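Presented below is the structure to which this report refers.
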Amino acid sequence: TLGAANGVDLLGVWVASVLTAQSVQFWSQTAGSVTGIPVVGTSTLVGNTFYPFPGRFPGGLTYYVAAEDVDVTIYWNPAT
21 TLGAANGVDL LGVWVASVLT AQSVQFWSQT AGSVTGIPVV GTSTLVGNTF YPFPGRFPGG
81 LTYYVAAEDV DVTIYWNPAT
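Using this note's numbering, read the sequence shown as starting at 21 and increasing by one per residue.
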């Protein structure tokens, strides 16, 4: 989880490399919910790609990467 119930501004996601069939999911956090509201469903990642994803998530952001061998960098800032 990014922000842990504090606001997050998401800028984008850089994927350096992936293996076969790896994917990512994002949820906007809401009070009393484990995963929150889906923002990005299961999305297949392409290596050596930057995905711009501008968005503001007042309650934080949870992410899940379907395989541990993916090299993903999430660019974000605390929301002001």
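No residue lacks a Cβ here, since even glycine has one placed at the ideal position from N, Cα and C. Quick caveat: nothing in here was measured; it's all calculated off a predicted structure.
Own chain residues within Cβ distance below 8 angstroms of residue i, not counting five before or after
{"i": "Asn68", "result": "Val35, Ala36, Ser37"}
{"i": "Asn97", "result": "Val28, Asp29, Leu31"}
{"i": "Val60", "result": "Val44, Gln45, Phe46, Phe73"}
Beta-carbon proximity list for residue i, same chain, < 6 angstroms, skipping 5 on both sides
{"i": "Ile94", "result": "Val33"}
{"i": "Tyr71", "result": "Gly32, Val33"}
{"i": "Tyr84", "result": "Gln45"}
For residue i, the first and last residue of its enclosing beta strand (DSSP E)
{"i": "Gly75", "result": "69-77"}
{"i": "Asn97", "result": "91-98"}
{"i": "Val28", "result": "28-37"}
Contact test: residue i Cβ vs the ligand FAD heavy atom, cutoff 7 angstroms
{"i": "Gly80", "result": "Looking at this structure, you won't find the ligand FAD or any other ligand, since it has none at all."}
Residues that residue i bridges to, as DSSP identifies them
{"i": "Thr82", "result": "Trp47"}
{"i": "Leu22", "result": "Leu81"}
{"i": "Val60", "result": "Phe46"}
Pair within 8 angstroms by beta-carbon distance, residue i and residue j
{"i": "Leu3", "j": "Leu22", "result": "Nothing about residue 3 can be read from this structure; the chain reaches only from 21 to 100."}
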